[in-house]
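Engineer: Residue numbers (the numbering used here), protein chains in the order written: chain A, 1 to 278; chain B, 1001 to 1195. Cβ coordinates follow ideal geometry from the N, Cα and C atoms, glycine included.
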Amino acid sequence: MVSIFTYRDERKLFAVVGAIIVAAVVALIQLDAAKSGKPSLITIAVGSTALFVQSAAAGLGNSLRGASATLGDAPRLYARNADLTAENRSLRGENARLREALAQAPEAEAIARTAAELPGAIVATVVGFDPENLSRIVTIDRGSEAGVHRDDGVIDEDGVVGRVVDVAPLRSTVLLAIDGASKVPAVVQSGRWWGIATGTNSRIRLQYVSQDAKLHVGDAVVTGDGRSFRAGLMLGRISEVDHPEGALYQTALIEPAVAFGRISRVLVVPHDTPADEP
Amino acid sequence: MNRSDSEIARTRAFWDANKPIETGAPGYVPDPPVWWHVALALGVALGLQATLAPFIAVRGAVVSMVILVVAWYAVRTGSLRGFAFGMVAGACEDALTGATGVAWTFSTALAGALAGRLARTYLADTKLALVPGAAVVTLVRYGAFTLIMQSQGRGAALPLVQLHAALWQSALDAAVALAALWIFPALGGSGAHRR
């Protein structure tokens, strides 16, 4: 049988010889590096390449592991998120309540201090206004059952608020001192000049003051002893004086001591309530 | 009630609501809104006004949602029902105010009757009858309120200030009525009471 010549066998031979040569070179390089105690170029190249591959593989593995763990934990995380959201909402609500309590604390404290000076006084909260806003009246949450009577005076920590004009069992109506229908006997503190304080819808006008009275801007005006108020409760301070020539009386505009735009807690003072003054 | 009965009732209501002397006026048949819509609107109006009035005032005047509800009901139902509903709404306002006796009761009843009457004039030709109606009845109500307060011995202490507020309230009411009809055209009714 005649053998047939092919290049295939020759290539195999070359491949085997090449492999042996490469293995020898690698062995020589590695042995040389081992002898010198340093990593060979081959080790460095392979190690570096392997590092990239390992990093990529580890990253992929970790991601897959994390994703599977997340998927597995999803119901628990969802419930946890719901719990935290509810807790956050609750804490926000509590925070708002605490802030409101903090904001009200000075007012409540001032009202309590004023109430302590007037043992029979009734603490009340403003709950309503004139629906048509034609008159300056407010509704408070205390009525005849709490001991409120018609014409009782109403004050807050700053001064005179008004007087009770209508009483129901559980609520009362207070005519504010700035209403045009309000009439309160008043005294200018410096000089003891008497007059009648009536409302202008936003401020108070002191009328029927004697022409010889020496009124000055900034003078304090207090209540005189009357049907609704005891003497000495602060009404406000004079902001303008009108002293017309030839008129029988002079008038003065008073800036109220009470901030009528934001009254919320007041004291109803029955007229026979003894004042515990120092 | 079958169909023919309802038609007879409707025709009867038409003739009841349109006196012979007013044959030149547009045809008018009551078109009352659902009762609980009216009650809810009145409750909301009273609650809002009694709680927020000073804070929503424009130049001292607040939009009187109460008179808007009364006028709306009266325009859709007529003078008599407008009067009755106005009386109820006014009584609620008197109760909330506490210092007006019966002034709001009767002035609002009068306003309701007037609004119902206005809806039987040429104003019935437009779905916007509520707009001029609200302006007019607001002023008339204020006038009646002042007179009744005077008769109760509680005359207005600052009449010019209050008149100024009433004029503003009249303009505000008309503006709000226009806006309400613009946004909710159904408030104007089905139009069944118009020619």
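1) Below 8 Å between beta carbons is the criterion; list the residues of the stretch 1058-1073 of chain B that meet it against any residue of chain A, in chain order.
2) Where does threonine 1023 of chain B fall in DSSP's three states?
3) In its own chain, which residues sit with a C-beta less than 6 Å from the C-beta of alanine 1165 of chain B, not counting the 5 before and 5 after it?
4) Between the C-alpha atoms of threonine 125 of chain A and glycine 1155 of chain B, what's the straight-line distance to the nearest angstrom?
5) Can you check whether the C-beta of leucine 102 of chain A is within less than 9 Å of a C-beta belonging to chain B?
6) Applying the 10 Å Cβ sphere with the 16-neighbour rule, what's the burial state of leucine 41 of chain A?
7) Does DSSP classify glycine 199 of chain A as helix, strand or coil?
8) Shortest alpha-carbon distance to glutamine 1162 of chain B belongs to which of A:Gly162, A:Gly153, A:Gly180 and A:Arg92?
9) If the cut is a Cβ gap below 9 Å, which residues of chain A does threonine 1121 of chain B touch?
10) Grab me the residues of glycine 1116 of chain B's own chain with a C-beta within less than 8 Å of its C-beta, minus the 5 sequence neighbours each way, in chain order.
11) Give me, in chain order, the residues of the same chain whose beta-carbon lies closer than 6 Å to that of proline 185 of chain A; leave out the 5 immediate sequence neighbours on both sides.
12) Which residues does DSSP pair with arginine 163 of chain A in a beta bridge?
13) List the endpoints of the continuous beta strand (DSSP E) containing isoleucine 263 of chain A.
14) Using a Cβ-Cβ cutoff of 7 Å, what residues of the stretch 152-174 of chain A are near chain B? List them in chain order.
15) Do you know how far the Cα of valine 1038 of chain B is from the Cα of valine 1066 of chain B?
16) Using the beta-carbon of each residue, which ones in chain B are nearer than 7 Å to aspartate 242 of chain A?
17) Answer with yes or no whether the minimum CB distance from glutamine 1152 of chain B to chain A is below 9 Å.
18) Just to make sure I have the definition right: I need the residues of chain B whose C-beta is within less than 7 Å of the C-beta of proline 106 of chain A. Which are they?
19) Is glycine 1098 of chain B close to chain A, meaning its C-beta is less than 9 Å from at least one C-beta of that chain?
20) Mind listing which residues of the stretch 1041-1055 of chain B have their C-beta closer than 7 Å to chain A's C-betas, in chain order?
21) By Cβ distance below 6 Å, which residues in the same chain neighbour proline 270 of chain A in space, the five residues on each side in sequence not counted?
22) Alpha carbon to alpha carbon, what distance is there between threonine 70 of chain A and valine 26 of chain A?
23) For threonine 1108 of chain B, count the other beta carbons within 10 Å of its own beta carbon; 16 or more makes it buried, fewer makes it exposed. Which is it?
24) Round the Cβ separation of isoleucine 122 of chain A and alanine 146 of chain A to the nearest angstrom and send it over; I've been treating them as touching at under 8 Å.
25) Could you check if serine 1064 of chain B is buried or exposed, using at least 16 other CB atoms within 10 Å of its CB as the buried criterion?
26) Check for me: the beta strand (DSSP E) holding alanine 186 of chain A runs from which residue to which?
27) So, is the C-beta of glutamate 1093 of chain B closer than 9 Å to a C-beta in chain A?
28) Using the beta-carbon of each residue, which ones in chain A are nearer than 7 Å to leucine 1147 of chain B?
29) Any idea what DSSP makes of serine 1079 of chain B, helix, strand or coil?
30) Along chain B, in chain order, which residues have C-beta atoms closer than 9 Å to that of serine 264 of chain A?
31) So which residues on chain B does threonine 139 of chain A lean against when the C-beta distance must stay under 8 Å?
32) Taking CB distances under 9 Å as the criterion, tell me whether alanine 124 of chain A reaches chain B.
33) Name the DSSP beta bridge partners of serine 36 of chain A, please?
Structural biologist: Looking at the atomic coordinates:
1) Against chain A - using a Cβ distance shorter than 8 Å - the residues of the stretch 1058-1073 of chain B are Gly1060, Ala1061, Val1062, Ser1064 and Val1066.
2) Translated into the one-based positions of the second sequence, residue 1023 of chain B becomes position 23. At threonine 1023 of chain B the pLDDT is 48, less than 50, meaning the model places this residue with poor confidence; the figure from the coordinates comes in the next sentence. Of the three classes helix, strand and coil, the one that applies to threonine 1023 of chain B here is coil, per DSSP.
3) Counted from its first residue, the second sequence places residue 1165 of chain B at position 165. The residues are Gly1060 and Ala1061.
4) Residue numbering aside, residue 125 of chain A sits at position 125 when the first sequence is read from its first letter. Residue numbering aside, residue 1155 of chain B sits at position 155 when the second sequence is read from its first letter. So the alpha carbons of these two residues sit roughly 29 Å apart.
5) As a first step, residue 102 of chain A must be located in the first sequence, where it is residue number 102. No, because no Cβ of chain B sits closer than 9 Å to the Cβ of leucine 102 of chain A.
6) Numbered from its first residue, the first sequence carries residue 41 of chain A at position 41. Answer is exposed; the Cβ neighbour count stays below 16.
7) Taking the first residue of the first sequence as 1, we reach residue 199 of chain A at position 199. The three-state secondary structure of glycine 199 of chain A, taken from DSSP, is strand.
8) The residue you call residue 1162 of chain B lines up with position 162 of the second sequence. For the options A:Gly162, A:Gly153, A:Gly180 and A:Arg92, the alpha carbon positioned closest to that of glutamine 1162 of chain B is the one of A:Gly180.
9) The sequence position of residue 1121 of chain B within the second sequence is 121, counting from 1. Chain A residues near threonine 1121 of chain B: none, gap ~27 Å exceeds 9 Å.
10) Walking along the second sequence from the start, residue 1116 of chain B turns up at place 116. Shown here for glycine 1116 of chain B: same chain residues with a beta carbon closer than 8 Å to its own, the five before and five after excluded, namely Ala1074, Val1075, Thr1077, Gly1078, Ser1079, Leu1080, Arg1081, Gly1082 and Phe1083 in chain order.
11) As a position in the first sequence, residue 185 of chain A is number 185, starting the count at 1. Once the five neighbours on either side are set aside, the close Cβ partners of proline 185 of chain A are Gly224 and Gly226.
12) Within the first sequence, numbered from 1, the residue matching residue 163 of chain A stands at position 163. Paired residue(s): A:Gly153 and A:Leu175.
13) By one-based count along the first sequence, residue 263 of chain A stands at place 263. Premise fails: isoleucine 263 of chain A is in no beta strand (DSSP E) and is neither H nor E.
14) Of all residues in the stretch 152-174 of chain A, those with a C-beta nearer than 7 Å to a C-beta of chain B are Val165, Asp166 and Thr173, reading in chain order.
15) On the second sequence, residue 1066 of chain B is found 66 positions in, with the first residue counted as 1. On the second sequence, residue 1038 of chain B is found 38 positions in, with the first residue counted as 1. Cα-Cα distance, rounded: 11 Å.
16) As a working mapping, residue 242 of chain A is identified with position 242 in the first sequence. Neighbours of aspartate 242 of chain A on chain B: none; closest Cβ ~17 Å, over 7 Å.
17) Taking the first residue of the second sequence as position 1, residue 1152 of chain B is located at position 152. No, glutamine 1152 of chain B does not count as interfacial toward chain A.
18) Sequence index remark: in the first sequence, residue 106 of chain A carries index 106 (1-based). Here the premise fails: no neighbours, minimum Cβ distance about 22 Å.
19) As a working mapping, residue 1098 of chain B is identified with position 98 in the second sequence. Yes, glycine 1098 of chain B counts as interfacial toward chain A.
20) Those would be Leu1046, Gln1049, Ala1050, Thr1051, Ala1053 and Pro1054, in chain order.
21) Working through the first sequence from its first residue, we reach residue 270 of chain A at position 270. For proline 270 of chain A, where only same-chain residues beyond five positions count, the Cβ hits under 6 Å are Gly120 and Asp152.
22) As a working mapping, residue 26 of chain A is identified with position 26 in the first sequence. As a working mapping, residue 70 of chain A is identified with position 70 in the first sequence. Computed Cα separation, rounded: 47 Å.
23) Within the second sequence, numbered from 1, the residue matching residue 1108 of chain B stands at position 108. Burial call: buried.
24) In the first sequence, residue 122 of chain A corresponds to position 122, counting from 1. In the first sequence, residue 146 of chain A corresponds to position 146, counting from 1. Contact between isoleucine 122 of chain A and alanine 146 of chain A holds, since their C-beta atoms are separated by about 5 Å, short of 8 Å.
25) Here residue 1064 of chain B is taken as the residue at index 64 of the second sequence, counted from 1. So serine 1064 of chain B counts as buried.
26) The residue you call residue 186 of chain A lines up with position 186 of the first sequence. Looking at the DSSP string, the run of the beta strand (DSSP E) that includes alanine 186 of chain A is 183-188.
27) Residue 1093 of chain B sits at position 93 when you count from the first residue of the second sequence. So, interface residue.
28) Working through the second sequence from its first residue, we reach residue 1147 of chain B at position 147. The premise fails here: leucine 1147 of chain B is roughly 14 Å from chain A at the closest Cβ pair, so nothing lies under 7 Å.
29) As a working mapping, residue 1079 of chain B is identified with position 79 in the second sequence. Helix at serine 1079 of chain B.
30) The residue you call residue 264 of chain A lines up with position 264 of the first sequence. Under the 9 Å cutoff, chain B gives no residues; its nearest Cβ is about 13 Å from serine 264 of chain A.
31) Numbered from its first residue, the first sequence carries residue 139 of chain A at position 139. Those are Ala1050, Leu1096 and Gly1098, listed as they occur along chain B.
32) Position 124 of the first sequence holds residue 124 of chain A. No, because no Cβ of chain B sits closer than 9 Å to the Cβ of alanine 124 of chain A.
33) As a first step, residue 36 of chain A must be located in the first sequence, where it is residue number 36. None; serine 36 of chain A has no bridge partner.
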